[in-house]
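Line by line, the protein sequences give chains A and B.
Take the first sequence: its position 104, counting from 1, is numbered 103 in numbering that gives the first Met the number 0, and each next residue is one higher.
Take the second sequence: its position 80, counting from 1, is numbered 79 in numbering that gives the first Met the number 0, and each next residue is one higher.
A short write-up of the structure that comes next.
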Amino acid sequence: MSVYSHVVAGQRHVFASLADLLAKASPERSGDQLAGLAAADAEERVAAQMALADLPLSVFLQEAIVPYEIDEVTRLILDTHDARAFAPVAHLTVGGFRDWLLSDLATAETLAALAPGLTPEMVAAVSKICRNQDLILIASKARVVTRFRNTIGLAGRLSTRLQPNHPTDDPAGIAASILDGLMYGNGDAVIGINPATDSIPGAETLLHMLDEVIRRYDIPTQSCVLTHVTNTIALVERGAPVDLVFQSIAGTEAANRSFGVDLKLLDEGREAGLSLGRGTVGDNVMYCETGQGSALSANAHHGCDQQTLEARAYAVARHLKPLLVNTVVGFIGPEYLYDGKQIIRAGLEDHFCGKLLGVPMGCDICYTNHAEADQNDMDDLLTLLGVAGINFIMGIPGSDDVMLNYQTTSFHDALYLRKVLGRRPAPEFEDWLTRIGIFEGAGLLAEGVPSAFRKAIEGGAAA
Amino acid sequence: MSDPLTPNGWQRLRALTPARIALGRAGVSLPTAPHLEFQLSHARARKAVHHPLDVEALERGIAGLGLESIVLDSAAPTRAVYLQRPDLGRKLSEASRQRLAARGAPVPCDVAFVVADGLSALAIEANAVGFLGTVVPMLRASGWTVGPVPVVTQARVAIGDEIGAALAASLVVVLIGERPGLSSPDSMGLYLTWAPKPGLTDEARNCISNVRAAGLSYAAAAHKLMFLMNEARRRRLTGVALKDEAETLAGPDTAPHRNFLLGD
Chain A
0 MSVYSHVVAG QRHVFASLAD LLAKASPERS GDQLAGLAAA DAEERVAAQM ALADLPLSVF
60 LQEAIVPYEI DEVTRLILDT HDARAFAPVA HLTVGGFRDW LLSDLATAET LAALAPGLTP
120 EMVAAVSKIC RNQDLILIAS KARVVTRFRN TIGLAGRLST RLQPNHPTDD PAGIAASILD
180 GLMYGNGDAV IGINPATDSI PGAETLLHML DEVIRRYDIP TQSCVLTHVT NTIALVERGA
240 PVDLVFQSIA GTEAANRSFG VDLKLLDEGR EAGLSLGRGT VGDNVMYCET GQGSALSANA
300 HHGCDQQTLE ARAYAVARHL KPLLVNTVVG FIGPEYLYDG KQIIRAGLED HFCGKLLGVP
360 MGCDICYTNH AEADQNDMDD LLTLLGVAGI NFIMGIPGSD DVMLNYQTTS FHDALYLRKV
420 LGRRPAPEFE DWLTRIGIFE GAGLLAEGVP SAFRKAIEGG AAA
Chain B
0 MSDPLTPNGW QRLRALTPAR IALGRAGVSL PTAPHLEFQL SHARARKAVH HPLDVEALER
60 GIAGLGLESI VLDSAAPTRA VYLQRPDLGR KLSEASRQRL AARGAPVPCD VAFVVADGLS
120 ALAIEANAVG FLGTVVPMLR ASGWTVGPVP VVTQARVAIG DEIGAALAAS LVVVLIGERP
180 GLSSPDSMGL YLTWAPKPGL TDEARNCISN VRAAGLSYAA AAHKLMFLMN EARRRRLTGV
240 ALKDEAETLA GPDTAPHRNF LLGD
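Encoded structure:
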């Protein structure tokens with residue numbers, strides 16, 4: 000294991016390993032402090048960033064931060080590295096790579112071609128020496144487009160996951176939130192439920208319900224019940240109408256094991272989803288969720304900082320060719336991301352790293368009530384990620400998830416972002432919104448309730 | 000368009016869910032009234048997180064049930080440290096360890112209830128004594144011996160392991176303030192652990208959540224807890240192995256409504 004050092008103003012700063020250097024170069028956050036990995040002070044952090052900037056990118060192909068022999072995520076990263084794709088930047092240092100990314104050499108086309116040549120550690124490293132505006136500018140140049148029943152991630156588009164959670168999975172309660180979201184033009188990324196009761200029969204009931212709603216109203220979108228991949232495989236075997244296969248994933252083998260998954264099982268989940276052939280315009284069947292701090296919380300971080308490990312989770316995601324990858328940035332709590340400033344920074348880093356690796360990034364722009372954050376912080380991150388070109392965000396009624404007890408972006412928030420940035424829903428979904436009368440003219444909401452839903456609302460109100 | 004507000008024609012669906020649906024819009028944005036209602040809810044939830052537990056009132060309430068209380072604190076000295084260092088919230092402070100040790104050899108008991116502020120002292124102030132007043136007489140009637148009741152501040156669930164072991168309790172039930180939701184700042188959780196000892200993880204526990212006035216009633220929570228406790232004692236375990244059947248037998252809390260989107 001190599002030792003790294005950097006001299007600043009006559010003082011030599013020594014970093015015990017590549018992982019130590021990455022951790023100390025990481026912008027301040029509570030999770031790295033909890034793990035005892037963070038820089039002692041701001042000066043040591045900058046010294047680490049300077050040392051990191053001088054490091055050749057190719058170092059990350061020679062030295063693994065989690066040993067190859069004990070970690071299948073490391074093996075996936077190194078064994079699938081595309082040297083030819085890497086060639087245009089192979090001669091650069093981390094600092095030189097930042098300059099390259101900011102320059103006009105980096106375009107949507109060159110970034111797409113480069114993605115298979117980048118490793119998570121490379122993109123994590125360069126993110127650590129980027130300011131927020133760099134993370135936004137560079138990510139805004141990258142495009143990752145995916146398809147199932149519609150097309151997510153095109154330029155000028157912003158999609159939403161409609162998240163109609165209910166504390167007891169009551170079908171009518173869930174339907175009320177679905178209707179609310181559709182009327183606000185939300186739901187093109189997915190209509191995805193976090194079930195309150197995690198059982199196979201419960202998930203099956205919800206899947207049939209979502210499938211019937213999508214078919215009844217002919218909505219060009221996809222459904223998902225966010226249950227463990229083993230449950231979803233069982234549901235496919237039982238003949239349930241599974242659109243997307245969900246799983247939470249992380250950046251080390253041990254952390255994935257704590258989620259009850261490994262790469263083989265994830266591949267099986269994807270195969271199960273593909274076997275149904277339910278996509279109409281594409282076959283991206285996976286929906287993955289991630290979040291900084293999950294490896295530490297599973298005691299599976301191998302002395303690596305949480306942001307680098309988060310980027311490694313995107314290598315797992317990339318392997319699965321997902322429709323959607325969602326970093327649930329503020330959900331984990333203040334012991335990992337203490338306040339609005341840390342949550343905002345992490346959200347921008349995650350989106351940046353995911354997009355550079357070729358992953359269709361969305362973000363659950365969220366916070367819990369024990370974090371030092373509020374709606375204004377979420378407005379900031381929402382706007383910044385919108386400018387950065389995020390593929391999708393969450394949409395829930397009034398920002399209040401009454402099942403998971405946290406706050407994320409509302410249906411209104413998505414409309415705000417579309418309005419200030421001139422973004423539109425996925426094209427197939429936008430056509431449907433216009434056809435059914437939710438939109439009137441060019442992306443404007445109609446005043447009244449469309450006829451297709453009027454009778455259903457009367458029935459619901461009478462129940 | 001003369002009115003800047005567009006109401007939603009599905010407000011009556013609000014009866015079907017606690018979610019904040021049909022809020023209407025000003026342009027595409029949240030109208031003033033629901034915006035400020037949200038801000039008030041958030042302010043209340045924040046208060047729940049930072050409100051210090053009224054330990055003395057709790058001690059009086061516990062004494063009123065004929066139980067002894069023991070006041071303890073965790074190794075997290077302040078709320079700010081508590082929020083960033085979950086590891087410290089899982090351990091007793093040195094002073095509290097000594098206080099327990101100074102009591103001498105414990106009298107073994109079937110169950111010890113540990114009352115912990117967790118992330119919402121408001122939830123504990125609102126619900127702990129009321130719930131104990133419901134469940135303790137049921138336990139006594141069934142022949143369970145109930146140990147003294149530690150009241151612990153800046154505490155996380157796992158602190159019950161160390162305390163339960165020190166009190167020689169076969170089973171420990173931690174009453175703890177849950178992470179406050181925007182619409183539920185006063186929600187109490189119950190965590191049940193067989194043979195408590197330091198170093199156990201969450202797989203070893205069973206949880207009953209959302210005990211509060213607008214959630215799971217004391218009677219329903221006590222019924223569920225009694226079921227789990229009897230099963231735990233019979234099978235000498237808690238956790239994942241106890242989970243499925245118990246939760247199935249406990250059944251749903253409410254009858255489901257028909258999905259109106261699929262009505263004819």
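Backbone N, C-alpha and C fix where the C-beta goes; we use that ideal spot for every residue, glycine too.
Closer than 8 Å at the beta carbon, the chain C residues around residue i
| i | result |
| --- | --- |
| Q406 of chain A | Considering every chain present, this structure includes no chain C. Its protein chains are A and B. |
Listed by chain order, chain B residues near residue i by CB distance under 8 Å
| i | result |
| --- | --- |
| P170 of chain A | P255, H256, R257 and N258 |
| M208 of chain A | N258 and L261 |
Residue i classed as buried or exposed, judged by whether at least 16 other C-beta atoms fall within 10 angstroms
| i | result |
| --- | --- |
| H49 of chain B | exposed |
| S1 of chain A | exposed |
| D315 of chain A | Reading the sequence as shown, one finds Val at residue 315 of chain A and not Asp. By the 10 Å Cβ count, V315 of chain A comes out buried. |
| L39 of chain B | exposed |
| T92 of chain A | buried |
| V13 of chain A | exposed |
| D78 of chain A | exposed |
| I69 of chain A | exposed |
| N298 of chain A | exposed |
| A254 of chain A | buried |
| Y67 of chain A | exposed |
| D217 of chain A | exposed |
| P184 of chain B | buried |
| T31 of chain B | exposed |
Within chain B, the residues that residue i reaches when beta carbons sit closer than 7 Å
| i | result |
| --- | --- |
| L414 of chain A | V27 |
Bridge-paired residues (DSSP) for residue i
| i | result |
| --- | --- |
| S183 of chain B | B:G180 |
| I435 of chain A | Answer by DSSP bridge pairing: none, since I435 of chain A is not bridged. |
| P55 of chain A | A:T92 |
| V13 of chain A | A:S4 |
| R204 of chain B | B:T192 |
| R423 of chain A | A:R156 |
| M393 of chain A | A:R160 |
| E288 of chain A | A:S247 and A:N325 |
| S222 of chain A | A:I190 |
| A168 of chain B | B:C108 |
Backbone secondary structure at residue i - three-state DSSP
| i | result |
| --- | --- |
| M402 of chain A | coil |
| G250 of chain B | Bear in mind that a pLDDT of 49 at G250 of chain B, under 50, signals an unreliable position, so the model cannot answer this. |
| N126 of chain B | helix |
| P170 of chain A | helix |
| W193 of chain B | strand |
| L15 of chain B | helix |
| G281 of chain A | coil |
| T407 of chain A | coil |
| T79 of chain A | coil |
| S450 of chain A | helix |
| R235 of chain B | coil |
| D430 of chain A | helix |
| A25 of chain B | strand |
| T5 of chain B | strand |
| I213 of chain A | helix |
| N230 of chain A | helix |
beta-carbon residue i near the ligand GTP non-hydrogen atom, thresh 7 Å
| i | result |
| --- | --- |
| T150 of chain A | Although the ligand GTP was asked about, the structure shown includes no ligands whatsoever. |
Beta-carbon neighbours of residue i, restricted to chain B and to distances below 9 Å
| i | result |
| --- | --- |
| V448 of chain A | N7, G8 and W9 |
Neighbour list for residue i in chain A, Cβ cutoff strictly below 9 Å
| i | result |
| --- | --- |
| Q153 of chain B | Per Cβ cutoff of 9 Å: no residues; Q153 of chain B is ~13 Å from chain A at best. |
| F112 of chain B | Neighbours of F112 of chain B on chain A: none; closest Cβ ~24 Å, over 9 Å. |
Contact set between residue i and chain A, taken where Cβ atoms lie within less than 7 Å
| i | result |
| --- | --- |
| R19 of chain B | P396, G397 and D399 |
| R45 of chain B | N368 |
| R24 of chain B | H411 |
8 Å Cβ cut-off: residues of chain A touching residue i
| i | result |
| --- | --- |
| Q83 of chain B | S29, Q32, L33, P333, E334 and Y337 |
| F130 of chain B | Simply none; closest approach about 19 Å. |
| P33 of chain B | G397 |
| T192 of chain B | Going along chain A, no residue has its Cβ under 8 Å from T192 of chain B, so there is no contact; the nearest lies around 20 Å. |
| L121 of chain B | What L121 of chain B touches in chain A: nothing, since even the nearest Cβ is about 12 Å away. |
| V48 of chain B | N368 and H369 |
| F37 of chain B | Q374, G397, S398 and D399 |
Legend entry - 4-residue-minimum alpha helix (DSSP H) runs that sit fully inside the stretch 42-116 of chain B, ordered along the chain: 54-63, 78-83, 85-88 and 93-101
Legend entry - alpha helix (DSSP H) runs wholly inside the stretch 118-200 of chain A, at least 4 long, in chain order: 119-127, 131-140 and 170-182
Legend entry - Runs of alpha helix (DSSP H) lying entirely within the stretch 319-372 of chain A, each at least 4 residues, in chain order: 339-355
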